[in-house]
Every structure is written in C-alpha cells, then in structure tokens.
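Here is the structure we will look at, set down as structure tokens.
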Amino acid sequence: MFDHIGLRVANLEVSKRFYAAALEPLGARVTYEDAATIGFGTDAATPFWLVRSDTPGAAHVAFSALERGAVDLFHKAALRAGGRDSGSPGLRPDYGPHYYAAFVVDPDGHNIEALTNAE
Numbered sequence: 004m005f006d007h008i009g010l011r012v013a014n015l016e017v018s019k020r021f022y023a024a025a026l027e028p029l030g031a032r033v034t035y036e037d038a039a040t041i042g043f044g045t046d047a048a049t050p051f052w053l054v055r056s057d058t059p060g061a062a063h064v065a066f067s068a069l070e071r072g073a074v075d076l077f078h079k080a081a082l083r084a085g086g087r088d089s090g091s092p093g094l095r096p097d098y099g100p101h102y103y104a105a106f107v108v109d110p111d112g113h114n115i116e117a118l119t120n121a122e
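For the working numbering, add 3 to where a residue sits in the sequence shown, where the first one is 1.
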C-alpha cells in the first residue's frame, strides 16, 4: 500500500537524532544522507525520508499502484474529491526510468502521491 513517506522538518540534525533512536529498535537505519535529505530503511529499501524545509509540518505520503492507469484514476478521483493538483500523471525520470506518478494536495495540505514503476 505505501511506497514511501516523507516528512518536512525544520532541523534536520534534531530530527535525524530522534528518528535514528526511535527507528533503530525496528531495524531501520540511515541509508541515505545529503545536506537537505536523510533516508531511513534497510539494505532492501529506503521508505522513510526527512527533508529540511522552512515550512515543516505537511506530510508526503506515496501509495503504490499496480499500473499507470491506476495512477491516472487516483489523480482524477482525488481532484473530484476536493484535492488540489500538485503534479499531473506522468513519468518522473529524475526518480527512475519507469517512475510514473501523480501528486495532489489533500484538504489539510498534505502532499499525496500515487506511483508505479510498471512499464
């Protein structure tokens, strides 16, 4: 159901310390880090991200889809239900060669994504 979750945080170092301690008992560790982003996960996947932001608080949740048509339907249904467009369905080559996604902002301001890597 979930592919990954990203949280915008005001202080990356404070959040890194908190989540490293909290997630270590669950088997997760830092698997990616740069000046603005820290990823937590395992050798197999990095499903939890912290991103430094001047506007922390709104979450990013990504749902997995089996095919591109489902991503398209997600986008249409979310807009009909009151969501705001934040990225029409399409390939996102910066994320991977087959990464097909759509983004909407929910009524509370959270960034919601549906994606598939199916061709």
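C-beta: ideal position from N, C-alpha, C; glycine also. Since the model is a prediction, treat every value here as computed from it, not as a measurement.
Taking a contact to require three or more Cβ pairs closer than 8 Å, the segment 75-93 and the segment 40-50 do not qualify as touching. A direct Cα-Cα distance of roughly 8 Å separates L10 from P59.
Of the residues assessed, I115 falls on the buried side of the cut-off, its CB having 16 or more other CB atoms within 10 angstroms. Separation of G30 and L118 (C-alpha to C-alpha, rounded to the nearest whole angstrom) is 25 Å. Relative to the Cα of F51, the nearest Cα in the group A25, E70 and L82 belongs to A25.
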